[in-house]
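Below is one structure, written out as structure tokens; the observations come after it.
Number of protein chains: 2
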Amino acid sequence: MFCNEIKTSLFLLCYVCKFACCMGQNEDPLPSWNDRQTKQAIVQFINDTTTAGNKDYIIPEDRIAVFDQDGTLWVEQPLYAQFIFAMDTVKSNALKHPEWKHQQPYQAVIERDTDKIKNFTMEDIEKLIAASHSNLSVDEFKDNVQSWLSQALHPRFKKPYTDLIYQPMLEVIQYFKNHGYKVYIVSGGGQDFVRAYAEKIYGIPTQHVIGSAEKVKYEYRDGKPELMKLSEVFFINDKAGKPEAIHLFVGKRPVAAFGNSDGDRQMLEWSQSSNGRSLQLLVHHDDAAHEYQYDTVSKVGTFSQQLMDEAKRNGWNVVSMKEDWKIIFPSDR
Amino acid sequence: MFCNEIKTSLFLLCYVCKFACCMGQNEDPLPSWNDRQTKQAIVQFINDTTTAGNKDYIIPEDRIAVFDQDGTLWVEQPLYAQFIFAMDTVKSNALKHPEWKHQQPYQAVIERDTDKIKNFTMEDIEKLIAASHSNLSVDEFKDNVQSWLSQALHPRFKKPYTDLIYQPMLEVIQYFKNHGYKVYIVSGGGQDFVRAYAEKIYGIPTQHVIGSAEKVKYEYRDGKPELMKLSEVFFINDKAGKPEAIHLFVGKRPVAAFGNSDGDRQMLEWSQSSNGRSLQLLVHHDDAAHEYQYDTVSKVGTFSQQLMDEAKRNGWNVVSMKEDWKIIFPSDR
Chain A
1 MFCNEIKTSL
11 FLLCYVCKFA
21 CCMGQNEDPL
31 PSWNDRQTKQ
41 AIVQFINDTT
51 TAGNKDYIIP
61 EDRIAVFDQD
71 GTLWVEQPLY
81 AQFIFAMDTV
91 KSNALKHPEW
101 KHQQPYQAVI
111 ERDTDKIKNF
121 TMEDIEKLIA
131 ASHSNLSVDE
141 FKDNVQSWLS
151 QALHPRFKKP
161 YTDLIYQPML
171 EVIQYFKNHG
181 YKVYIVSGGG
191 QDFVRAYAEK
201 IYGIPTQHVI
211 GSAEKVKYEY
221 RDGKPELMKL
231 SEVFFINDKA
241 GKPEAIHLFV
251 GKRPVAAFGN
261 SDGDRQMLEW
271 SQSSNGRSLQ
281 LLVHHDDAAH
291 EYQYDTVSKV
301 GTFSQQLMDE
311 AKRNGWNVVS
321 MKEDWKIIFP
331 SDR
Chain B
334 MFCNEIKTSL
344 FLLCYVCKFA
354 CCMGQNEDPL
364 PSWNDRQTKQ
374 AIVQFINDTT
384 TAGNKDYIIP
394 EDRIAVFDQD
404 GTLWVEQPLY
414 AQFIFAMDTV
424 KSNALKHPEW
434 KHQQPYQAVI
444 ERDTDKIKNF
454 TMEDIEKLIA
464 ASHSNLSVDE
474 FKDNVQSWLS
484 QALHPRFKKP
494 YTDLIYQPML
504 EVIQYFKNHG
514 YKVYIVSGGG
524 QDFVRAYAEK
534 IYGIPTQHVI
544 GSAEKVKYEY
554 RDGKPELMKL
564 SEVFFINDKA
574 GKPEAIHLFV
584 GKRPVAAFGN
594 SDGDRQMLEW
604 SQSSNGRSLQ
614 LLVHHDDAAH
624 EYQYDTVSKV
634 GTFSQQLMDE
644 AKRNGWNVVS
654 MKEDWKIIFP
664 SDR
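Here the protein sequences line up with chains A and B, keeping their order. Following my numbering, the numbering of the first sequence begins with 1 at its first residue and continues without gaps. Following my numbering, the numbering of the second sequence begins with 334 at its first residue and continues without gaps.
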């Protein structure tokens with residue numbers, strides 16, 4: 001009897017607590033967004049899919065949101081951070097590899113031959129990735145990435161790469177998480193690279209980071225188990241590879257998908273292919289003054305006319321960084 | 334001022350609520366376990382790793398526990414359920430494939446030739462898996478598995494396979510989840526097969542099921558995106574493949590690992606290789622009266638003397654199903 005009375009009282013108290021937690025919801029969840037169509041679409045989507053009784057209500061287990069990283073959550077110009085990390089690592093290791101002095105693409109990197117670097121082929125880039133990402137344990141690699149990030153500066157903004165994340169998108173991530181969504185990064189970049197900092201800068205834990213992956217091999221070093229990174233590519237998480245990897249890792253269709261380039265097209269299509277309500281969004285880089293303006297560039301991020309046409313046809317939201325966002329980086333606040 | 338007062342009151346109320354939630358913890362979390370060394374080790378591990386201030390305290394983000402499935406969470410004898418599903422599916426599809434009548438291993442399955450079936454090679458089994466698991470969309474495959482599970486019965490227990498789960502292990506899963514652990518299934522079985530029922534019977538969502546996987550291919554059927562299952566194996570999640578896949582999916586060392594065979598050895602080693610506190614457990618099938626008694630069998634689950642020796646050397650817990658468990662299945666309650 002006593003126990004039941006306590007339970008009833010506590011139920012009421014907890015109800016009050018819950019009510020109190022909801023009070024904060026009247027605050028603007030997306031303060032860095034201008035009150036335009038895209039912001040309204042995001043807020044409407046969250047309201048509709050998380051309000052019990054709404055015809056588009058989505059049960060918590062199915063609330064999966066996926067975000068591309070490079071160009072969607074942080075700056076990808078003038079070159080992917082991971083590629084600069086690879087080149088810096090090759091330069092640092094040059095003394096241990098005297099043969100690199102006379103071998104491309106290593107020679108160009110060591111001599112900072114910008115003309116050659118600009119014209120690197122995918123094969124060149126893969127060689128540099130292999131030289132900087134393999135023959136290391138997964139722990140050693142993580143340490144290397146974190147150490148590099150702690151001192152490398154972006155060439156234009158003169159800030160650490162981890163500062164060059166988009167404040168408006170951080171708000172979207174937090175908004176989705178606050179409403180019971182599981183948030184995943186689905187990046188063409190290296191999974192182990194992104195995992196080295198995603199928890200710290202985005203609040204996204206390693207198990208929610210899906211990226212391109214090299215094979216790893218379980219072995220014993222001095223009797224201790226280690227996972228060693230091999231130079232062999234396991235899968236590339238780009239284009240059709242994105243929905244394929246989402247199925248592998250999550251096993252469910254996402255209902256919200258955020259990207260910024262042709263590499264995200266299939267992921268957005270896949271998120272829209274269920275019968276229920278879903279949200280698609282593409283970040284369009286049109287703010288040269290505060291960030292970059294580009295549609296098609298040779299190495300980094302292509303937003304083709306075909307993608308823009310498909311976005312219009314399918315009702316995907318296209319974010320104008322210039323018009324939709326009040327600020328770009330957290331430090332702009 | 335008013336707002337702050339409300340906040341203070343609510344803080345106190347929430348504190349009371351939290352206290353109330355803890356009250357239930359005095360109940361036995363593992364009622365189907367006899368009070369022997371293994372149960373005590375599990376309870377001690379949870380207490381030590383989740384009590385703030387304890388020298389072995391583990392922060393919530395690092396609380397990762399991994400469970401093998403076949404033979405650890407449900408019955409794997411006389412044959413893996415997935416293999417029986419594959420054979421039943423081949424039988425059902427025989428009319429559509431008249432050529433199978435004269436081709437092994439299909440012919441043996443169609444004719445129920447138990448002698449031949451007993452002697453199937455890995456290659457035979459892979460052919461049957463391919464014939465029953467591929468050229469289907471991921472949604473169609475899930476429907477097939479769920480439909481099969483709803484009517485297939487275990488040959489000895491005459492019950493659905495999904496009833497033949499181990500009650501003591503369900504309690505361990507719940508106990509870990511209640512203490513902030515993320516619980517993953519890490520199975521040699523097919524990932525899409527296990528995902529078709531894991532949420533319903535274990536409360537483990539699809540994104541926490543890691544298993545062997547075939548490749549999938551993103552394509553359009555009547556203009557609609559689909560993920561089609563191919564017959565090509567992507568990776569086998571067994572032995573060294575288990576820690577490799579755990580790294581791929583989770584990106585962190587688990588601190589607790591549960592298995593029952595030589596296929597789980599490396600996963601248990603990997604969970605023990607961090608510097609902090611960890612728990613390892615092997616289920617040993619020694620209860621012929623209520624389940625099965627086996628150490629080494631040709632097709633299903635091998636618990637070698639070498640594994641037993643390693644368990645002793647490394648302080649891994651070995652569960653005697655006969656001595657440690659009061660009951661085996663939920664229906665025994």
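Backbone N, C-alpha and C define an ideal beta-carbon position, used for all residues, glycine too.
In the DSSP output, which residue or residues are listed as bridge partners for residue i?
| i | result |
| --- | --- |
| R221 of chain A | A:K224 |
| H617 of chain B | B:S653 |
| D70 of chain A | A:W74 |
| T296 of chain A | A:T302 |
| K515 of chain B | B:I397 |
| S137 of chain A | A:M228 |
| W658 of chain B | B:W366 |
Report back the beta-carbon spacing between residue i and residue j to the nearest angstrom; my notes put them in contact at under 8 Å.
| i | j | result |
| --- | --- | --- |
| Q500 of chain B | S365 of chain B | 5 Å |
| V588 of chain B | S604 of chain B | 6 Å |
| E291 of chain A | I328 of chain A | 5 Å |
| S231 of chain A | E219 of chain A | At roughly 15 Å, the Cβ-Cβ gap does not stay under 8 Å, so S231 of chain A and E219 of chain A are not in contact. |
| L281 of chain A | E171 of chain A | With a Cβ gap of about 13 Å, L281 of chain A and E171 of chain A do not count as contacting. |
| P411 of chain B | P488 of chain B | 7 Å |
| T422 of chain B | N477 of chain B | 7 Å |
So what does DSSP say about residue i, is it helix, strand or coil?
| i | result |
| --- | --- |
| D368 of chain B | coil |
| A485 of chain B | coil |
| D377 of chain A | Residue coverage of chain A in this structure runs from 1 to 333, which leaves residue 377 of chain A outside it and unanswerable. |
| L236 of chain A | Checking the displayed sequence, the identity of residue 236 of chain A turns out to be Ile instead of Leu. The answer is coil: DSSP assigns I236 of chain A none of H, G, I, E or B. |
| N499 of chain B | A small fix is needed here, since residue 499 of chain B is Tyr in this sequence, not Asn. Y499 of chain B: coil per DSSP, three-state reduction. |
| K242 of chain A | helix |
| S664 of chain B | helix |
| G259 of chain A | strand |
| C22 of chain A | Bear in mind that the predicted position of C22 of chain A carries a pLDDT of just 47, short of 50, making it too unreliable to give a figure here. |
| D597 of chain B | helix |
| A289 of chain A | coil |
| I125 of chain A | helix |
| I543 of chain B | strand |
| V442 of chain B | helix |
| S465 of chain B | helix |
| V250 of chain A | coil |
| K215 of chain A | strand |
| S425 of chain B | helix |
| L307 of chain A | helix |
| S273 of chain A | coil |
| S480 of chain B | helix |
| G648 of chain B | coil |
Comparing alpha-carbon positions, which option in the options lies nearest residue i?
| i | options | result |
| --- | --- | --- |
| A313 of chain B | B:D619, B:I661, B:D571, B:R598 | The structure shown does not extend to residue 313 of chain B, since chain B is modelled only from 334 to 666, so the question has no answer here. |
| E244 of chain A | A:F234, A:G259, A:M267 | A:M267 |
| R369 of chain B | B:D665, B:F662, B:M654 | B:M654 |
| V399 of chain B | B:K491, B:I443, B:M420, B:Y517 | B:Y517 |
| K585 of chain B | A:S137, A:N34, A:D62 | A:S137 |
| M228 of chain A | A:D192, A:W74, A:Y197 | A:D192 |
| T51 of chain A | A:N135, A:H179, A:Y80, A:P330 | A:H179 |
| I417 of chain B | B:E432, B:L563, B:F378, B:F453 | B:F453 |
| K242 of chain A | A:D68, A:T38, A:R63 | A:D68 |
| K533 of chain B | B:F509, B:G556, B:D496, B:S520 | B:D496 |
| K515 of chain B | B:E394, B:V408, B:D555, B:G521 | B:E394 |
| E27 of chain A | A:Y175, A:E323, A:K91 | A:Y175 |
| V300 of chain A | A:V75, A:I58, A:G53, A:K39 | A:V75 |
| P558 of chain B | A:H247, A:K217, A:F258, A:D309 | A:H247 |
| H618 of chain B | B:Y530, B:Q638, B:V652 | B:V652 |
| I64 of chain A | A:G276, A:G189, A:A41 | A:G276 |
| Q293 of chain A | A:G71, A:D48, A:K239, A:L279 | A:G71 |
| F567 of chain B | B:D595, B:A419, B:G522, B:N380 | B:G522 |
| I543 of chain B | A:R221, A:F249, A:D222 | A:F249 |
Against chain E, does residue i count as a neighbour if the rule is that its beta carbon must be under 8 Å from one of theirs?
| i | result |
| --- | --- |
| K557 of chain B | Absent from the structure: chain E. Protein chains present are A and B. |
Below 7 Å, is the gap between the Cβ of residue i and the nearest heavy atom of the ligand SAM?
| i | result |
| --- | --- |
| Q500 of chain B | Summarising the ligand content, the structure contains no ligands, and the ligand SAM is consequently not present. |
Below 8 Å between beta carbons is the criterion; list the residues of the region 581 to 594 of chain B that meet it against any residue of chain A, in chain order.
Residues of the region 581 to 594 of chain B whose Cβ lies closer than 8 Å to any Cβ of chain A, in chain order: L581, F582, V583, G584, K585.
Going along the chain, which residues of the region 527 to 540 of chain B sit with their C-beta nearer than 9 Å to a C-beta in chain A?
Of all residues in the region 527 to 540 of chain B, R528, E532, P538, T539, Q540 have a Cβ within less than 9 Å of some Cβ in chain A.
Closer than 7 Å between beta carbons: that is the criterion. Which residues of the region 466 to 497 of chain B meet it against chain A?
Cβ contacts with chain A: V471.
Can you list, in chain order, the residues of the region 593 to 626 of chain B whose Cβ is nearer than 7 Å to any Cβ on chain A?
Using a CB distance below 7 Å, the part of the region 593 to 626 of chain B facing chain A consists of Q599, E602, W603, S606, ordered along the chain.
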